[in-house]
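**Student:**
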Amino acid sequence: MRESINPPLTPSCNPFQKKKGWFQRKEMLGINLLRLATYIIIACALFIFSDIFIKGVPTLVKSEAPFINTEFFTESPQILTVWHDSAGNEYSMTQEKHDIWVIENPTIEVIDIHNYTASGGGILGPLLGTALLVTICMAIALFIGVSAAIYLSEYCGTGKLMSLIRLAILNLAGVPSIVYALFGWGVFCYMAPNYVTEISDRSLFAFSIGGGYISFEGWEQSLLAGGCTLAIMVLPVIITACEESLRAVPKGFREAAFALGATRWQTIRTAVLPYALPGVLTASVLGITRVAGETAPIMLTAAASDKSKLPTEVLADEGFWSFLTQSVQALPFHIYTLAKFPDSEYVKPMQYGSILVFLLLVMGFSLISMVLRSRIRKRNKW
Amino acid sequence: MVASPTSQDSSTDPALINIDDLGFSYNQGKTETIQGVSLHCPEKQVTAFIGPSGCGKSTLLRCINRMNDLVETSKITRGSINIMGQDINAPDVDAIELRKQVGMVFQKYNPFPKSIYENVAYGLRIQGIKNKSTLDEAVERALKGAALWDEVKDRLKDSALGLSGGQQQRLCIARTTAVSPKVILMDEPCSALDPIATAKVEELISELRRDFTIVIVTHSMQQASRISDNTAFFYLGELVEYGDTNKIFSNPSVKQTEDYISGRFG
Ligand SMILES: Nc1ncnc2c1ncn2[C@@H]1O[C@H](COP(=O)(O)OP(=O)(O)O)[C@@H](O)[C@H]1O
Ligand SMILES: [Mg+2]
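In order, the protein sequences belong to chains A and B.
Each residue of the first sequence is one higher than the one before, counting from -18 in our numbering.
Each residue of the second sequence is one higher than the one before, counting from 590 in our numbering.
Here it is in structure tokens:
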């Protein structure tokens, strides 16, 4: 008879005894290396966020009610004037307020007066500019993106052309933003058609219509040019996400609609789109997060580093077309502008305050899209 | 292995659907999934398609309301299908109009995630009917016809997805009958249901038989023998035998049919 492979256990020794050798040590080393790498990431994130938070919060809050520094959100960037009186008290106000103050307090001597660019007021202009840019961008991108996604997933088959289009979209998603920026700059700022009464020198082509001319001379740096450029940039994201949510709609819905005598468009409109809509919504919020943070395209196609009039004031004073073709301030570009100013204790709060607001906005949108997505996952039972 | 002509003449009722030497391909004619099938479905009778899975029952069924048009590379390679004397693949036939007359119920019940009412009204709404009383009437009639009215009449506004599987499938049947088609095609309508829900659907089918011509694909031989007037047995894309259900089940003329029915293969 053959000997048993498993000899009976001798109870005296622990068969699961921990071994200590170089092999075990190597394993521990490996695990700890991985752990270290993870901790480095966390440390970086913590450092960035806490630094911005600690330095930015004092700009946004006040010690007395309503505890929020409303001026920071309701005024545009202005020149800050800092001066002393003979008693050595320091005063700091926006230049405008300083001028009024001087008239109201004629007895106090003003000495040691300094002006600091963009260190006073708030970020209303950049905030509004970013909001408008994002709105215009999303309006254009959603219209084109959803249409394209519908065509790609519902009408266009699975042929060679289809894979070519897919490849193109995929590649578009990988193009660096500076390339989009330059493209938008060239096309929208210098080539797009404009309705003018007098043809400019740089017009590529013009024909007369009505009392004026349609001239291909571009929109210069403007809300419209910026919105269009951002829209093209975010299109791949929107198309891909929309297509995915269209495909996620069960085939059964389409078949049921077709079998009841619905046309293709009726099927899409009543049995597909409504159920893809939540996904489209998530995609667009995700898109907003992406474009809101873009700086390069905005810098070249839309942004003004300094602007006295609010975009809404332009709308009220000069009409809709001027509104669309005005240059605007934008939050990311404003942060960049602030960062270039010579360091002073007065510009620092503006820098950190702007960055904190920007960060909170982008994080807020990311959060919304995450919540939306998990909600949809839970709700869809089909 | 084509059905003997005599077995085809077993029914004396006028045929509503006439399939003549039909060939169908999913890949532009490279291979035929349906190979020269000829059969007729008499009006206001139940015709059952049986056969091992993959033999082309669903494919043939989807030829009857041209659902296969949705598959880009599909092609009728030969033969014809006539419904009420009209060749449905003729160039002047609109598949949309055809499907209003030839409804379909699917294997997996697929109500829309809408209210019960809106599900039944869907087919009428897409035909542009907006009149509330017309819709109300049609919905009630269809739900009564599907033996579902008593169960849902108090919650017509509730989501259809809250119904049980069997109720959902009967709702899908009501949705189909609401547009008053001539023919109802059913593709294994009970395969996702439990025995009790299945019994209810079968009962419903024998009721619907009075108003509609029904073609049903089923994998259950018992079901075919219980509910159908005529049975067609398919194997590998060909019609092996077609005839009166009683005759097919009691005295099949082809050995293969007998083997399949007695469970010796498939
Ligand atoms: N949309 C399709 N495209 C290509 N081939 C298909 C498609 N649907 C079914 N087939 C093929 O056609 C054959 C018959 O399928 P089907 O009609 O579904 O069989 P059954 O319903 O009898 O089980 C199978 O081999 C299947 O793989
Ligand atoms: Mg099938």
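Quick reminder that beta carbons are idealized off the backbone N, C-alpha and C, glycines included.
On a predicted model such as this, the values are computed, not experimentally measured, just so you know.
Determine whether the Cβ of proline 259 of chain A lies closer than 8 angstroms to any Cβ atom of chain B.
**Tutor:** Chain B, which has no Cβ nearer than 8 angstroms to the Cβ of proline 259 of chain A, makes this no.
**Student:** Using a Cβ cut-off of 8 angstroms, which residues of the stretch 656 to 676 of chain B contact any Cβ in chain A, in chain order?
**Tutor:** Legend: CB atoms of the stretch 656 to 676 of chain B lying less than 8 angstroms from CB atoms of chain A belong to residues Met656, Leu659, Glu661.
**Student:** Which residue's Cα is closest to the Cα of lysine 746 of chain B: B/Ile705, B/Gln845, B/His629?
**Tutor:** B/Ile705
**Student:** Say whether the stretch 269 to 276 of chain A touches the stretch 286 to 303 of chain A, bearing in mind that this needs 3 or more beta-carbon pairs closer than 8 angstroms, one atom from each stretch.
**Tutor:** no
**Student:** May I ask you to report which of helix, strand or coil DSSP gives histidine 808 of chain B?
**Tutor:** Three-state result, histidine 808 of chain B: coil.
**Student:** Look at the alpha carbon of leucine 337 of chain A and the alpha carbon of aspartate 93 of chain A, and state the distance between them as a whole number of angstroms.
**Tutor:** 32 angstroms
**Student:** By the criterion of Cβ-Cβ separation under 9 angstroms, what are the contact partners of glutamate 236 of chain A in chain B?
**Tutor:** Met656, Leu659, Met693, Phe695, Asn699
**Student:** Flag this pair as yes or no: are the beta carbons of glycine 692 of chain B and leucine 241 of chain A separated by less than 8 angstroms?
**Tutor:** With contacts defined as CB atoms closer than 8 angstroms, glycine 692 of chain B and leucine 241 of chain A qualify as a contacting pair.
**Student:** How about glutamate 661 of chain B: is its Cβ closer than 7 angstroms to a heavy atom in ligand 2?
**Tutor:** no
**Student:** Take valine 42 of chain A and list the residues in its own chain whose beta-carbon comes closer than 7 angstroms to its own, dropping the five residues that flank it on each side.
**Tutor:** Phe48, Ile49, Asn50
**Student:** Can you find at least 3 beta carbon pairs, one from the stretch 605 to 614 of chain B and one from the stretch 628 to 636 of chain B, that sit closer than 8 angstroms?
**Tutor:** yes
**Student:** Tell me which same chain residues have a C-beta within less than 6 angstroms of the C-beta of alanine 813 of chain B, skipping the five on either side of it?
**Tutor:** Ala637, Ile639, Thr807, Thr820
**Student:** Count the other C-beta atoms from every protein chain shown that fall within 10 angstroms of the C-beta of proline 841 of chain B, then say buried if there are 16 or more, exposed otherwise.
**Tutor:** buried
**Student:** Does the distance from the C-beta atom of leucine 760 of chain B to that of asparagine 720 of chain B stay below 8 angstroms?
**Tutor:** Contact annotation: leucine 760 of chain B and asparagine 720 of chain B have beta-carbon atoms that are not nearer than 8 angstroms.
**Student:** Does glycine 712 of chain B get closer than 8 angstroms to chain A when you measure Cβ to Cβ?
**Tutor:** yes
**Student:** Taking 7 angstroms as the cut-off, is the C-beta of glutamate 777 of chain B nearer than that to any heavy atom in ligand 2?
**Tutor:** True, at least one ligand heavy atom lies under 7 angstroms from that Cβ.
**Student:** Quick one: which chain B residues come within Cβ less than 9 angstroms of threonine 293 of chain A?
**Tutor:** Here the premise fails: no neighbours, minimum Cβ distance about 41 angstroms.
**Student:** Compare the C-beta of alanine 240 of chain A with all C-beta atoms of chain B and state if any pair is closer than 8 angstroms.
**Tutor:** It does: the Cβ of alanine 240 of chain A has a partner Cβ on chain B nearer than 8 angstroms.
**Student:** Report the CB separation of valine 858 of chain B from glycine 755 of chain B in whole angstroms; it is logged as a contact under 8 angstroms.
**Tutor:** There is simply no residue 858 of chain B to check, as chain B begins at 590 and stops at 855 in what is shown.
**Student:** Give me the Cα-Cα distance between leucine 353 of chain A and proline 259 of chain A, rounded to the nearest whole angstrom.
**Tutor:** Going by the C-alpha atoms only, they are around 8 angstroms apart.
**Student:** Can you pull the chain B residues whose beta carbon is under 7 angstroms from the beta carbon of glutamine 247 of chain A, in chain order?
**Tutor:** Ile715
**Student:** Can you name the start and end residues of the alpha helix (DSSP H) that tryptophan 246 of chain A belongs to?
**Tutor:** 245 to 248
**Student:** Figure out for me which residue from A/Phe234, A/Leu262, A/Thr263, A/Val261 has the closest Cα to the Cα of isoleucine 249 of chain A.
**Tutor:** A/Phe234
**Student:** Do you know how far the Cα of alanine 122 of chain A is from the Cα of alanine 130 of chain A?
**Tutor:** 11 angstroms
**Student:** How far does the beta strand (DSSP E) with asparagine 607 of chain B in it reach, from first residue to last?
**Tutor:** Where asparagine 607 of chain B is concerned, the enclosing beta strand (DSSP E) stretches over 604 to 614.
**Student:** At which residues does the beta strand (DSSP E) containing alanine 284 of chain A begin and terminate?
**Tutor:** Unbroken run through alanine 284 of chain A: none, as it is neither H nor E.
**Student:** Starting from the C-beta of arginine 798 of chain B, find all residues in its chain whose C-beta is less than 6 angstroms away, skip the five residues before and the five after it, and write them out in chain order.
**Tutor:** Val635
**Student:** With H, G and I counted as helix, E and B as strand and the rest as coil, what does DSSP make of methionine 673 of chain B?
**Tutor:** coil
**Student:** Which of the three DSSP states, helix, strand or coil, is assigned to isoleucine 794 of chain B?
**Tutor:** helix
**Student:** Could you check whether isoleucine 104 of chain A and glycine 207 of chain A sit closer than 8 angstroms to each other, using their CB atoms as the reference points?
**Tutor:** Isoleucine 104 of chain A sits away from glycine 207 of chain A, with the two beta carbons spaced by 8 angstroms or more.
**Student:** Between B/Asp800, B/Gln758, B/Gly826, B/Phe822, which lies nearest to isoleucine 837 of chain B when the distance is taken from Cα to Cα?
**Tutor:** B/Phe822
**Student:** Within the 8 angstroms Cβ cut-off, does lysine 646 of chain B reach chain A?
**Tutor:** no
**Student:** Mind listing the chain A neighbours of arginine 688 of chain B? Cutoff is C-beta to C-beta under 9 angstroms, in chain order.
**Tutor:** Phe239, Ala240, Leu241, Gly242, Ala243
**Student:** Between which residues of its own chain and tyrosine 171 of chain A is the CB-CB distance below 6 angstroms, once the five residues before and five after are set aside?
**Tutor:** Gly199
**Student:** Given this structure, state the Cα-to-Cα distance separating serine 350 of chain A from proline 255 of chain A, to the nearest angstrom.
**Tutor:** A straight-line Cα-Cα distance of about 18 angstroms links serine 350 of chain A and proline 255 of chain A.
**Student:** From which residue to which residue does the beta strand (DSSP E) around tryptophan 82 of chain A run?
**Tutor:** Taken as a continuous stretch (DSSP letters only), tryptophan 82 of chain A belongs to no beta strand (DSSP E), being part of the alpha helix (DSSP H) at 76 to 85.
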